Amino acid sequence: MSERAVLHVKGRVLVGPDDVRDELWVVDGRISYDRPVGAHDIRTVEGWALPGLVDAHCHVGLGAHGPVDDDVAEKQALTDREAGTLLIRDAGSPSDTRWVDDRDDLPKIIRAGRHIARTRRYIRGYAHEIEPEDLVAYVAQEARRGDGWVKLVGDWIDRGLGDLAPTWPREAVEAGIAEAHRLGARVTAHCFAESSLRDLVEAGIDCIEHATGLTDELIPLFAERGVAIVPTLVNIATFPNLADGGESRYPRWSDHMRRLYERRYDTVRSAYDAGIPVFVGTDAGGTLPHGLVAAEVAELVTAGIPAVEALAATTWGARAWLGRPGLEEGAAADLVVYESDPRADVRVLAAPRRIVLNGRVVG
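Numbering (the numbering used here), first residue to last: 611 to 973.
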């Protein structure tokens with residue numbers, strides 16, 4: 611649109627779950643709830659408008675074997691955009707995606723730097739693989755490279771044990787998390803199993819990814835400390851195939867993965883019922899395709915989270931948690947318009963009518 615061109619979004623604007631307005635205006639890429647004076651070249655979009663969706667666990671620039679070329683990363687970001695994801699928390703990537711910040715047609719990214727893992731205890735090519743004595747230094751490095759987040763690998767298969775096991779001793783994660791907080795960064799960790807969770811939470815971690823190992827004993831601790839979870843249920847759906855593939859070599863691990871999968875919905879619902887903050891993340895990148903945000907919201911509803919709360923986990927609530935605006939006056943106009951009310955049926959998220967990014971209709 612030209613400098614004074616105006617976008618008029620009318621119908622129902624969901625500023626919040628209970629704050630519904632009839633219209634908003636976009637002038638010079640910014641939201642206004644006052645009709646602009648002297649506007650011309652007005653384009654109108656009608657429907658149900660939401661803040662741009664959030665994928666709080668997504669990997670732009672990551673492929674099955676590690677970093678990918680920029681053209682592949684661009685396709686990943688565009689796929690997410692076409693699904694309505696306009697804000698990404700990139701939960702670990704070996705690629706430098708700062709170039710995305712110069713593109714006003716691509717989703718905004720909040721980076722967690724590169725994964726930090728124990729030597730030979732994660733997927734090859736993804737992470738810094740180090741020993742505990744180096745954790746503080748690498749946390750400091752990635753805190754400075756990221757956008758306010760650091761990503762640890764909290765557990766992974768221990769080949770000697772033949773099962774999932776913690777990757778860091780308690781004193782190492784305490785020191786690492788303290789260093790991140792000193793530098794103003796929050797810390798999250800990949801955790802499938804039960805055994806690493808207490809140490810990480812008591813050490814002051816801010817978020818746990820996947821969190822399939824949450825138990826009735828641990829849930830009150832998470833709730834008391836306000837530790838968020840990003841369940842990535844569309845990723846957890848792959849556990850049975852992973853278990854089948856590892857059965858002959860690691861039968862104990864395979865059985866454990868199946869049990870985590872079987873109780874996944876009960877785990878998420880119990881966390882929600884206890885007041886643990888739950889946010890939407892797909893774990894796109896690596897082996898999982900991008901553009902699955904609507905499927906993840908639907909999975910949260912299947913787990914028993916009320917539709918409005920599942921919607922908040924990818925819109926108003928997620929943006930507040932990440933410190934980014936929604937549809938506030940003067941904010942960048944990042945929004946998605948749908949045919950019908952997504953609070954009534956979250957499945958409408960799979961079919962955006964219009965996508966507006968930085969005030970431009972891009973889809």
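From the three backbone atoms N, C-alpha and C, an ideal C-beta is built for every residue, glycine too.
This one's a predicted model, so the numbers in the text were calculated from it and none came from an experiment.
Item to check | Which residues DSSP lists as bridging Glu-633, in chain order | outcome: Lys-620
Checklist entry - Of the choices Val-956, Asp-773 and Ala-941, whose alpha-carbon is the least far from that of Asn-968? => result Ala-941
Item to check | Residue of Gly-772, Leu-688, Asp-651 and Gly-735 minimising C-alpha distance to Lys-718 | outcome: Leu-688
Next on the checklist: Between Gly-891 and Glu-692, how many whole angstroms is the CB-CB distance? I'm expecting something under 8 Å.
Outcome noted: Contact doesn't hold; Cβ gap of about 18 Å is too wide.
Checklist entry - Counting Cβ pairs closer than 8 Å, one from the segment 617–627 and one from the segment 651–658, do we hit at least three? => result yes
Next on the checklist: Here's the rule I'm using: 16 or more other beta-carbon atoms within 10 Å means buried, otherwise exposed. How should Gly-794 be labelled?
Outcome noted: Exposed, because fewer than 16 other Cβ atoms sit within 10 Å of the Cβ of Gly-794.
Next on the checklist: Between which residues of its own chain and Lys-761 is the CB-CB distance below 6 Å, once the five residues before and five after are set aside?
Outcome noted: Ala-701, Gly-702, Ala-722, His-725 and Thr-798
Checklist entry - Is Ala-894 closer than 9 Å to Cys-668 when the C-beta atoms are compared? => result yes
Checklist entry - Does DSSP classify Arg-957 as helix, strand or coil? => result helix
Checklist entry - With C-beta atoms as the reference, is Ala-943 less than 9 Å away from Arg-640? => result yes
Next on the checklist: Cutting at 6 Å between CB atoms, please list the residues of its own chain near Met-611, excluding the five before and the five after it.
Outcome noted: No answer about Met-611 holds up, because its pLDDT of 42 lies below 50 and its placement is not dependable.
Next on the checklist: So the candidates are Pro-830, Leu-807, Val-837 and Cys-801; which of them puts its Cα closest to the Cα of Asp-816?
Outcome noted: Val-837
Item to check | Leu-688 in three-state terms, based on DSSP | outcome: helix
Checklist entry - Are the beta-carbon atoms of Pro-776 and Gly-735 separated by less than 9 Å? => result no
Checklist entry - Beta-carbon separation of Gly-764 and Ile-818 under 9 Å? => result When the beta-carbon positions are compared, Gly-764 and Ile-818 come within less than 9 Å of each other.
Next on the checklist: By the DSSP assignment, the beta strand (DSSP E) with Leu-810 in it spans what residues?
Outcome noted: It is not in any beta strand (DSSP E) - Leu-810 instead sits in the alpha helix (DSSP H) that spans 807–812.
Next on the checklist: Using a 10 Å radius around the Cβ and a threshold of 16 neighbouring Cβ atoms, would you call Trp-759 buried or exposed?
Outcome noted: So Trp-759 ends up on the buried side.
Checklist entry - Whole-angstrom Cβ separation of Leu-663 and Val-946, contact assumed at under 8 Å? => result 6 Å
Item to check | Spatially closest choice to Asn-845 from Val-636, Glu-906 and Val-647, by CA coordinates | outcome: Glu-906
Item to check | Alpha-carbon spacing of Gly-648 relative to Arg-631, whole angstroms | outcome: Rounded to whole angstroms, Gly-648 to Arg-631 spans 23 Å at the Cα level.
Item to check | beta strand (DSSP E) runs contained entirely in the segment 637–703, provided each spans 3 or more residues | outcome: 640–642, 650–661, 663–668 and 695–700
Item to check | Supposed close pair Arg-964, Val-971 - CB separation, criterion 8 Å | outcome: 6 Å
Item to check | Cutoff 8 Å; reference Gly-933; Cβ partners in own chain excluding five residues on either side | outcome: Gly-758
Checklist entry - Under a Cβ-count criterion, where at least 16 other Cβ atoms within 10 Å of its own Cβ denotes burial, should Asp-773 be classed as buried or exposed? => result buried
Checklist entry - Should Val-840 and Ala-821 be called a contact, given that it needs their Cβ atoms to be closer than 9 Å? => result yes
Checklist entry - Can you tell me whether Ile-650 is buried or exposed, with buried defined as 16 or more other CB within 10 angstroms of its CB? => result The question names Ile, but residue 650 in the sequence shown is His. Exposed, since its Cβ has fewer than 16 Cβ neighbours within 10 Å.
Checklist entry - What are the residues that DSSP puts in a beta bridge with Glu-739? => result Ala-727
Checklist entry - In whole angstroms, what is the alpha-carbon distance linking Gly-770 and Ala-904? => result 39 Å
Next on the checklist: By the three-class DSSP mapping on this structure, what secondary structure does Arg-755 have?
Outcome noted: helix
Checklist entry - What's the gap between the Cα of Gly-862 and the Cα of Asp-711? => result The sequence shown places Arg at residue 862, rather than the Gly named in the question. Their Cα atoms are separated by approximately 44 Å.
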